[in-house]
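Those protein sequences? They're chains A, B and C, same order as listed.
Per my numbering: the first sequence = residues 1 to 363.
Per my numbering: the second sequence = residues 1001 to 1363.
Per my numbering: the third sequence = residues 2001 to 2363.
Just so it is clear, CB atoms sit at the ideal spot from N, CA and C, and this is done for glycine as well.
Just so we're clear, the structure is a prediction, and the values are computed from it rather than from any experiment.
For reference, the structure discussed in these notes is given below.
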Amino acid sequence: MTKVFKEILHNPLLWLLAFVPVVLVGQKLKPEAHTLLFLLSILALVPLAALLSHATESVAAKTGDVVGGLLNATLGNLTEMVIALAALQAGQYVLVKASIAGAIVTNSLFVLGASFLLGGLKYHLQEFNRVSARLQASLLFLATIALLVPSVLVKADSTLQAAFTGKLSVGLAVLLLLTYGLGMTFSLRTHREMFSSADHAEKAEPPWPIGLAVATLAVVTVLVALVSEVFIESVQKAAEAFGMTPAFVGFIVVALVGGSAEMGSAFSGARKNRLDLSVGIALGSSSQIALFVAPVLVLLSYVLGPAPMDLQFWPGAVGMMLIATITVSLVTNSGRSAWFVGVLLMMVYLIFAVTLYLLPPRV
Amino acid sequence: MTKVFKEILHNPLLWLLAFVPVVLVGQKLKPEAHTLLFLLSILALVPLAALLSHATESVAAKTGDVVGGLLNATLGNLTEMVIALAALQAGQYVLVKASIAGAIVTNSLFVLGASFLLGGLKYHLQEFNRVSARLQASLLFLATIALLVPSVLVKADSTLQAAFTGKLSVGLAVLLLLTYGLGMTFSLRTHREMFSSADHAEKAEPPWPIGLAVATLAVVTVLVALVSEVFIESVQKAAEAFGMTPAFVGFIVVALVGGSAEMGSAFSGARKNRLDLSVGIALGSSSQIALFVAPVLVLLSYVLGPAPMDLQFWPGAVGMMLIATITVSLVTNSGRSAWFVGVLLMMVYLIFAVTLYLLPPRV
Amino acid sequence: MTKVFKEILHNPLLWLLAFVPVVLVGQKLKPEAHTLLFLLSILALVPLAALLSHATESVAAKTGDVVGGLLNATLGNLTEMVIALAALQAGQYVLVKASIAGAIVTNSLFVLGASFLLGGLKYHLQEFNRVSARLQASLLFLATIALLVPSVLVKADSTLQAAFTGKLSVGLAVLLLLTYGLGMTFSLRTHREMFSSADHAEKAEPPWPIGLAVATLAVVTVLVALVSEVFIESVQKAAEAFGMTPAFVGFIVVALVGGSAEMGSAFSGARKNRLDLSVGIALGSSSQIALFVAPVLVLLSYVLGPAPMDLQFWPGAVGMMLIATITVSLVTNSGRSAWFVGVLLMMVYLIFAVTLYLLPPRV
Chain A
1 MTKVFKEILH NPLLWLLAFV PVVLVGQKLK PEAHTLLFLL SILALVPLAA LLSHATESVA
61 AKTGDVVGGL LNATLGNLTE MVIALAALQA GQYVLVKASI AGAIVTNSLF VLGASFLLGG
121 LKYHLQEFNR VSARLQASLL FLATIALLVP SVLVKADSTL QAAFTGKLSV GLAVLLLLTY
181 GLGMTFSLRT HREMFSSADH AEKAEPPWPI GLAVATLAVV TVLVALVSEV FIESVQKAAE
241 AFGMTPAFVG FIVVALVGGS AEMGSAFSGA RKNRLDLSVG IALGSSSQIA LFVAPVLVLL
301 SYVLGPAPMD LQFWPGAVGM MLIATITVSL VTNSGRSAWF VGVLLMMVYL IFAVTLYLLP
361 PRV
Chain B
1001 MTKVFKEILH NPLLWLLAFV PVVLVGQKLK PEAHTLLFLL SILALVPLAA LLSHATESVA
1061 AKTGDVVGGL LNATLGNLTE MVIALAALQA GQYVLVKASI AGAIVTNSLF VLGASFLLGG
1121 LKYHLQEFNR VSARLQASLL FLATIALLVP SVLVKADSTL QAAFTGKLSV GLAVLLLLTY
1181 GLGMTFSLRT HREMFSSADH AEKAEPPWPI GLAVATLAVV TVLVALVSEV FIESVQKAAE
1241 AFGMTPAFVG FIVVALVGGS AEMGSAFSGA RKNRLDLSVG IALGSSSQIA LFVAPVLVLL
1301 SYVLGPAPMD LQFWPGAVGM MLIATITVSL VTNSGRSAWF VGVLLMMVYL IFAVTLYLLP
1361 PRV
Chain C
2001 MTKVFKEILH NPLLWLLAFV PVVLVGQKLK PEAHTLLFLL SILALVPLAA LLSHATESVA
2061 AKTGDVVGGL LNATLGNLTE MVIALAALQA GQYVLVKASI AGAIVTNSLF VLGASFLLGG
2121 LKYHLQEFNR VSARLQASLL FLATIALLVP SVLVKADSTL QAAFTGKLSV GLAVLLLLTY
2181 GLGMTFSLRT HREMFSSADH AEKAEPPWPI GLAVATLAVV TVLVALVSEV FIESVQKAAE
2241 AFGMTPAFVG FIVVALVGGS AEMGSAFSGA RKNRLDLSVG IALGSSSQIA LFVAPVLVLL
2301 SYVLGPAPMD LQFWPGAVGM MLIATITVSL VTNSGRSAWF VGVLLMMVYL IFAVTLYLLP
2361 PRV
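As structure tokens, then:
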């Protein structure tokens, strides 16, 4: 237990944990102070995400390579998942879908772009392992395509009924999860040498003992769930107050908050000239959202949600996801980066953000 | 003649030739048994395609390098062509277009994916010639783009009249055939060293004598034409009986049946760690469909069909073709493959297939 | 001054300068002879573009590396810019946008394709610097994406109001110019070694003295502006007379005329087996149009135009630009080219041209 406190003292980011009780108490006392609760819940979610990420890694480190890898991969986007579940239960499917699309776009453009920029400001030209980057970029591209097929087809043909979309979404969710399972076998069993280096590169600090790690994992997950609920409840009203569209909130705000933990690792990797780590995180997270988080949410919507959720995204989101994944494929292709490539990736992200911010709300 | 029979005895696949007379007699006796005739005609077309492919190779081997290469390239998709011609004559343009699009998608995703998977199950990492794969993938990409331009532009602008589409389609067909001719010059004359290795790698068995080969070619083509007619006549009704949409039949069933011969070569190449052969077949067949089969069908529709056929595909088919060719370009780019890349390619194909299967029929 | 005359005598292209006074006088005497004035103004613009390009290079060569590079990069598309400004002032926004899109497509497909073809007819396989080509292709891709985001999003959602598009366009113009500034820093300061070789490779002939060069630059710019005005005034009527659609004129004719100077350098580079130069010109010009010319025109429309111009392109133009830049990324990826790759690039361009030519005019 002292370990956790030591870590908290050591890491200024974790001081933000103080906002966790504040937001939960605030919700009881002033449930109508949406804007304040929204800001507080963001401040509370960021350190929780960091803690969750550290706990996951500790559990993974203790449970042997394969199980550990599996845990790491599956719980790597736990924060995003819990936030999305809170939105799912509240029936806010537009927000759920926006956060799925936003996580893919944010990881592909913002995390990768900022890594290239931060690394490039320190090093003239950075190289990364072209072969594994290309393989991972291909996986991401195909995973995203698989996710987008129904939207592309249905966009093309507006006469299709909802019944078709629902049935198709369940079928695809099963196929995506199957692919995810095979992908786990691939990256943890048959071809682990192509992926493992990046995963284990960063862990200088010793992991926590297993009991502590599991307990932290459990407690923090519950806390994330509680805070997420406040976040999801307040987000709509707060967005209005800030003049933000729901699309902007889901795409940009939720994705940045949920992914804050991985971003830290990706950026620090880039600053240490270990771009393989950054590329692995950016591409790996995106693939995982497409192949695991999205289909799980679809299937869970039959149990948890007020109505089934399908996999049909609004056309603008489809365009952004396609652009993001094609971009990643092209950019990681050369195995080299310089600061301006990072600027361009972030600029595309910024343009998406500005567009979503200005987007008039749907009537 | 004994050679052909020996081959038939030797190759269990060719025993299916017994279904050729069965389907032709069946058509006379029970023309209303659509489902049965449909299944029988598929069983009959598969060995005919194999025989046609072998005969073409034998003729090609005997007629010298350039003429042989030309024959091989032009008759390589003869089965697809004859089936499409039968559909053209029956005025089933939706089916013709679906089979064009389906052949491109099937070769790019299924043939390549299954080759990667089959090869990858035997070899940890497989390498193939990156330079020629990239060049071929570029050709495929540009060929598909050329084919799709009218659909993309017309999709974008629904006010365009049919007259414009017809005129444009003829113009483009001429341009595509011109490109095909130049492409032949390129791959058979000026740059044959980049393509020839893959073509001639597989032929362990001695070719048939020229007389036999030409006779087989002629007879089998006639048989394919006869069986195709039964196939096309029965396919619509059979599809209804099986609950399959016409889109699914054209895209998936026709493409798999027509391409069965090449698939055999591609898969056996992959199992022998000669991925260059598999990649060459997958990409070469797709390019040929786009640059040769499609424009020839458009031009022949003025002679054979009840009305001119244009090159405008339904938007979903455009999306699938674009996705398939971009995917191929990205995947062949690294010059390496592993089993999971094959899984992903096939998964995208499977997703297309499931979507087309579930697609409610147009009203 | 003798230098300029010597150059004119030396270079038969510059004899066309004789058409400059002819077109200006013609405009006064016979303002209604649109077709004749249109043809004369094209004949006058081509040598002016060549002279402008030479003068810019001379000024650049004299003013030191950084300022020179900046001048070269910024004034490299001066002819396109001045023509577009003339159209902007005349309120012909469709033509302005078509010329922006057309310049990107023409540089990516026609200039690159013709360079590959011309070079490939002389050399069996040509190699170019893969690393810098990929980096430049990534920049072009991201630049074009940035330019296209509003069109893609707005196309996807037709309920968006014009107010949104206008506000978004100004925001994006600022972001694009910022990116352009950073890109200048990148290519002229921090990573100039990746770009400079191509820029300075071609200049065998000694530059003009600075005074002469600046004077020429000023005089020729004014002449281009005067002739452009005639060109823009006559183009509409002339197009009708030739049966050309306005889309064809903007996309193809204006782009070819405006870019004639760079084309000369790109082609001669290819014939000398210096494909790096050709690739650099084709990709560099395209990026510059997207990042500099387009946003400057948007911002200037608030000052010079009768009404603000936005960045929304018609869907067909979006499709062509996307296809062109994806194509360039794929094709330059291998670092090799052969004549048939050039044929394919030009064929895609030709298909665009034929389609635009046949396109029925909007009502």
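Any C-beta of chain C under 8 Å from that of residue i
i, result
"L1345/B", "no"
"H1191/B", "yes"
"T165/A", "no"
"T355/A", "yes"
Collapsed DSSP secondary structure at residue i in the structure displayed
i, result
"E1032/B", "coil"
"Q126/A", "strand"
"V2020/C", "helix"
"R2189/C", "helix"
"R134/A", "helix"
"A2198/C", "Here the model assigns A2198/C a pLDDT of 45, short of 50, so the residue's position is not dependable and the matter cannot be decided."
Alpha-carbon spacing of residue i relative to residue j, whole angstroms
i, j, result
"P2031/C", "V2254/C", "20 Å"
"L2223/C", "P2047/C", "11 Å"
"R1130/B", "V230/A", "53 Å"
"T190/A", "G181/A", "13 Å"
"L1037/B", "V1023/B", "6 Å"
"F1110/B", "A1103/B", "10 Å"
"S2053/C", "T106/A", "42 Å"
"S1041/B", "M320/A", "45 Å"
"V354/A", "V2331/C", "32 Å"
"V227/A", "G26/A", "11 Å"
"V1343/B", "S1268/B", "18 Å"
"V4/A", "S58/A", "12 Å"
"K1062/B", "V1082/B", "24 Å"
"A101/A", "V318/A", "8 Å"
Residue i at chain B interface by Cβ criterion, 8 Å
i, result
"S2334/C", "yes"
"G183/A", "yes"
"G171/A", "yes"
"P246/A", "no"
Within-8 Å CB hit, residue i to chain A
i, result
"G1319/B", "yes"
"T1348/B", "A small correction: the amino acid at residue 1348/B is Val; Thr does not occupy that position in the sequence shown. True, the Cβ-Cβ gap to chain A drops below 8 Å."
"V1341/B", "yes"
"A1101/B", "no"
"P1360/B", "yes"
"F1352/B", "yes"
"L1330/B", "yes"
The alpha helix (DSSP H) enclosing residue i, as first and last residue numbers
i, result
"I2323/C", "2315-2332"
"S268/A", "260-271"
"M2347/C", "2339-2358"
"F2251/C", "From DSSP, F2251/C is part of no alpha helix (DSSP H); its letter is neither H nor E."
"G102/A", "93-105"
"D2276/C", "2275-2288"
"L1304/B", "Neither: L1304/B is in no alpha helix (DSSP H) and is coded neither H nor E."
"F231/A", "210-242"
"T1063/B", "Note, T1063/B: premise wrong, no alpha helix (DSSP H); not H, not E."
"L2085/C", "2078-2089"
"T245/A", "Here T245/A belongs to no alpha helix (DSSP H), and DSSP marks it neither H nor E."
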